[in-house]
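Protein chains in written order, with the working numbering: chain E, 4 to 260; chain P, 1025 to 1232.
For reference, the structure is listed below as structure tokens.
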Amino acid sequence: MLSKRIIACLDVRDGKVVKGVNFEGLRDAGDPAALARRYNGDGIDEIVILDVTATLESRQARANTIAAVAREIFLPLTVGGGIRNEDDAAAAIEAGADKISLNSAALDNPKLITTLASRYGSQAVIVAIDAKAIRLKADTTVRYEVFARSGQTAANRDAVEWAQQATAMGAGEILLTSIDRDGTKVGFDCELTAAVSDAVNIPVIASGGAGTFDHFAEVFTAGHADAALAASIFHFNEKSVSDLKQFLAALAIPVRK
Amino acid sequence: MIALVDYGAGNLTSVRKALAAIGAQVWTPTVAGELGRAHGIIVPGVGHFDSTRRLSEAWRTAIKTMVDDGVPLLGICVGLQWLFEGSEEAPGVPGLGCFAGSCMLLGTRSRPQALKPPSPLKVPHVGWNSLSIPRPARLTSGVDDQTQVYFTHSYAAPVIDDTVAICEYGVPFSAAVERGNVAAVQFHPEKSGDAGLKILVNWFHGVK
């Protein structure tokens, strides 16, 4: 049976892993290669490197960080942050990335999804969507608004519609982050995740809010997620990946042993 | 020396890294004529079956000649699919035909009944899935039944007599095939942790 994936995210700035809350207030969590080595030994299924400031400073994801992490693992490695064009993607892939995660660049230029999918295959192209729940006073329904540039700019798009469009353009996976939940440890936004996951026929990686093992179980069941990504919960040695997997397996959620 | 055939189908960095880790020496031949000095050949591939179109008649002939001479060949992912007769992903592009059958789209859109799953499934099939090992084979030597490996693909090859590992995603498909000196895997051994490296080592042991 296809396992639900547990993915560790390394938010990198200046070659160091950092982690903030609601996309702000970054704190140092250490050396990316050392963390990757620890997660690999602990049974992580994939690693994502996000250069969290790359887009803001218009610089390319650091090739040496990618190479240092790639040396440590024989697992799928995704790189995002600052992938603005085909050259940025090529540089990250040359350095050892298996998949590229596009965010702001895909919003600005959706054709980039198709270009990269044609060149590397859809399986190499992840579209990252950062979404915020918008509740209108007169209305009990929730809309999910997409934000670009590390959550700073409203993209004036609906998350579900954008996920569908990205899929049609050739995305192989959606990395869906709840800005409201990012770093809060109050749980994934299962409503958001299920809404997107049910609307597309490609895997959806849920992100933002992991705090307990129950949160993972919830997002894999109620949230219909195919994979769950977390950062802080693993970085500071709060929880181990192997304990998480044992917990999920006991609930009959399929995980890689 | 292992010839890693680069026909522009995506990224070879991970494959190179994994081969280096198991002590294999690798080069990427630039013309088909160079293949003659290979002790083993790997046809990798991610992406679209159509990209195998770039393996021109010269490459096809060179690879076939080496296979006939007993040189070990390993296909990975689209490389496996290419060793079958073709794929509905690119109907006009022939595979090498080492293995019988054609590759079909996973999920509900598959026309032939054989690969039609009972319920809609997300395609591509991405992630760690388990191998059923129907009989002992070189490639899977020392690999436990139900070992999990990393897949990422939308098309798959049918289960045939040469299938040595079966994976199931809606329907059973060939996760690994082996006949004589020709072997192939649908998953990515270079991204499948220790289990993947073990399978690469098994293949590499057959390379003189």
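Virtual Cβ for every residue (Gly too), placed ideally from N, Cα, C.
So, with DSSP's three-state summary, where would you put residue i?
i                            : result
histidine 1177 (chain P)     : strand
arginine 146 (chain E)       : strand
proline 1142 (chain P)       : With a pLDDT of only 40 at proline 1142 (chain P), under 50, the local geometry of the prediction cannot be trusted, and the value read off the model is given with reservation. It is coil, neither helix nor strand.
aspartate 161 (chain E)      : strand
lysine 1290 (chain P)        : An answer regarding residue 1290 (chain P) cannot be provided, because it is not within the stretch 1025 to 1232 covered by chain P.
serine 210 (chain E)         : strand
valine 1102 (chain P)        : helix
alanine 1062 (chain P)       : coil
leucine 38 (chain E)         : helix
alanine 1219 (chain P)       : helix
arginine 1133 (chain P)      : For arginine 1133 (chain P), the predicted model reports a pLDDT of 44, less than 50, meaning its position is unreliable and no value from the coordinates is stated.
asparagine 1035 (chain P)    : coil
serine 121 (chain E)         : helix
phenylalanine 1123 (chain P) : coil
methionine 172 (chain E)     : helix
aspartate 17 (chain E)       : coil
glutamate 89 (chain E)       : helix
threonine 180 (chain E)      : strand
serine 61 (chain E)          : Bear in mind that the predicted position of serine 61 (chain E) carries a pLDDT of just 44, short of 50, making it unreliable; the figure below should be weighed with that in mind. Coil.
aspartate 229 (chain E)      : coil
aspartate 101 (chain E)      : coil
leucine 247 (chain E)        : helix
aspartate 1074 (chain P)     : helix
isoleucine 236 (chain E)     : helix
leucine 110 (chain E)        : helix
proline 1213 (chain P)       : helix
alanine 151 (chain E)        : strand
phenylalanine 1108 (chain P) : coil
alanine 66 (chain E)         : helix
Of all the options the options, which has the alpha carbon lying nearest to the alpha carbon of residue i?
i                         : options                                    : result
arginine 65 (chain E)     : E:Ile76, E:Arg40, E:Ala36                  : E:Ala36
threonine 1085 (chain P)  : P:Cys1122, P:Glu1113, P:Pro1160            : P:Cys1122
asparagine 1226 (chain P) : P:Thr1171, P:Gly1194, P:Leu1163, P:Cys1191 : P:Leu1163
aspartate 1169 (chain P)  : P:Ser1156, P:Val1117, P:Phe1211, P:Cys1191 : P:Ser1156
glutamine 1049 (chain P)  : P:Ile1026, P:Thr1076, P:Gly1230, P:Val1150 : P:Ile1026
glutamine 1210 (chain P)  : P:Pro1068, P:Ser1080, P:Ile1046            : P:Pro1068
glycine 1217 (chain P)    : E:Thr68, E:Asp54, E:Glu75, E:Met4          : E:Glu75
valine 1 (chain E)        : E:Asp201, E:Ser153, E:Thr117               : No answer is possible for residue 1 (chain E): the residues shown for chain E start at 4 and end at 260.
leucine 195 (chain E)     : E:Ala136, E:Ala169, E:Asp142               : E:Ala136
serine 1165 (chain P)     : P:Asp1074, P:His1212, P:Val1039, P:Gly1220 : P:Gly1220
leucine 80 (chain E)      : E:Asp101, E:Lys114, E:Gln167               : E:Asp101
aspartate 246 (chain E)   : E:Tyr42, E:Arg87, E:Cys193, E:Asn106       : E:Tyr42
leucine 1120 (chain P)    : P:Leu1130, P:Gly1131, P:Val1091            : P:Val1091
aspartate 90 (chain E)    : E:Ile69, E:Thr143, E:Val207, E:Thr118      : E:Thr118
serine 1178 (chain P)     : P:Val1147, P:Pro1118, P:Glu1058, P:Ala1199 : P:Val1147
Do residue j and residue i count as a contact pair if the criterion is CB distance below 8 Å?
i                        : j                            : result
alanine 231 (chain E)    : phenylalanine 219 (chain E)  : yes
valine 1029 (chain P)    : isoleucine 1065 (chain P)    : yes
valine 15 (chain E)      : isoleucine 50 (chain E)      : no
glycine 99 (chain E)     : threonine 1037 (chain P)     : yes
isoleucine 205 (chain E) : isoleucine 236 (chain E)     : no
tyrosine 282 (chain E)   : alanine 228 (chain E)        : The structure shown does not extend to residue 282 (chain E), since chain E is modelled only from 4 through 260, so no value can be given for it.
valine 1070 (chain P)    : alanine 127 (chain E)        : yes
serine 1126 (chain P)    : phenylalanine 1073 (chain P) : no
glycine 226 (chain E)    : phenylalanine 191 (chain E)  : yes
alanine 158 (chain E)    : alanine 166 (chain E)        : no
glycine 85 (chain E)     : alanine 120 (chain E)        : no
tyrosine 1031 (chain P)  : leucine 1079 (chain P)       : yes
alanine 1181 (chain P)   : leucine 1130 (chain P)       : no
valine 20 (chain E)      : leucine 5 (chain E)          : no
So, under 8 Å CB-CB, residue i and residue j are touching, yes? Tell me the CB distance rounded to an integer number of Å.
i                         : j                         : result
lysine 1088 (chain P)     : leucine 78 (chain E)      : Wrong, their Cβ atoms sit about 34 Å apart, outside the cutoff.
isoleucine 129 (chain E)  : glycine 186 (chain E)     : That pair is no contact at about 20 Å.
isoleucine 1184 (chain P) : valine 1201 (chain P)     : 7 Å
leucine 1224 (chain P)    : alanine 1044 (chain P)    : Contact flag wrong, Cβ pair sits at about 11 Å.
threonine 170 (chain E)   : glycine 211 (chain E)     : No, threonine 170 (chain E) and glycine 211 (chain E) are not in contact; Cβ-Cβ is about 20 Å, not under 8 Å.
leucine 1145 (chain P)    : glycine 1194 (chain P)    : 5 Å
glutamine 1172 (chain P)  : lysine 260 (chain E)      : 7 Å
tyrosine 123 (chain E)    : asparagine 1035 (chain P) : 6 Å
proline 1053 (chain P)    : glycine 1230 (chain P)    : Actually they are not in contact, since the Cβ atoms of proline 1053 (chain P) and glycine 1230 (chain P) sit about 20 Å apart, beyond 8 Å.
alanine 2 (chain E)       : isoleucine 116 (chain E)  : There is simply no residue 2 (chain E) to check, as chain E begins at 4 and stops at 260 in what is shown.
lysine 1222 (chain P)     : valine 1167 (chain P)     : 6 Å
- prompt: Taking a cut of 9 Å between CB atoms, which residues from the segment 155–175 of chain E lie near chain P?
  reply: Gly175
- request: Anything in the segment 1104–1133 of chain P with a Cβ closer than 8 Å to a Cβ of chain E? List those residues in chain order, please.
  value: Gly1131
- prompt: If you measure beta-carbon to beta-carbon, which residues of the segment 85–106 of chain E are closer than 7 Å to chain P?
  reply: Ile96, Glu97, Gly99, Asp101
- prompt: Which residues, in chain order, does the segment 104–129 of chain E contribute to contact with chain P at a C-beta distance below 7 Å?
  reply: Tyr123, Gly124, Ser125, Gln126, Ala127
task: Can you give me, in chain order, the residues of the segment 1176–1208 of chain P that have a beta carbon less than 8 Å from any beta carbon in chain E?
output: Thr1176, His1177, Ser1178, Glu1192, Tyr1193
task: For the segment 1045–1077 of chain P, enumerate the residues whose C-beta is nearer than 8 Å to any C-beta of chain E, in chain order.
output: Ala1045, Val1070, Gly1071, His1072
message: Counting only Cβ-Cβ distances shorter than 9 Å, please list the residues of the segment 1207–1225 of chain P near chain E, keeping chain order.
response: His1212, Pro1213, Glu1214, Lys1215, Ser1216, Gly1217, Asp1218, Gly1220, Leu1221
field: Residues of the segment 188–222 of chain E with Cβ closer than 9 Å to any Cβ of chain P, in chain order
entry: Ser200, Val203, Asn204, Ile205, Pro206, Val207
message: For the segment 30–54 of chain E, list every residue whose C-beta sits within 9 Å of some C-beta in chain P, in sequence order.
response: Asn43, Gly46, Asp48, Glu49
- prompt: Listed in chain order, which residues of the segment 1144–1159 of chain P have Cβ atoms closer than 9 Å to some Cβ of chain E?
  reply: Pro1144, Leu1145, Lys1146, Val1147, Pro1148, His1149, Val1150, Gly1151, Trp1152, Asn1153, Ser1154
query: Between the segment 223–242 of chain E and chain P, which residues of the former have a C-beta closer than 9 Å to a C-beta of the latter?
result: Asp229, Ala230
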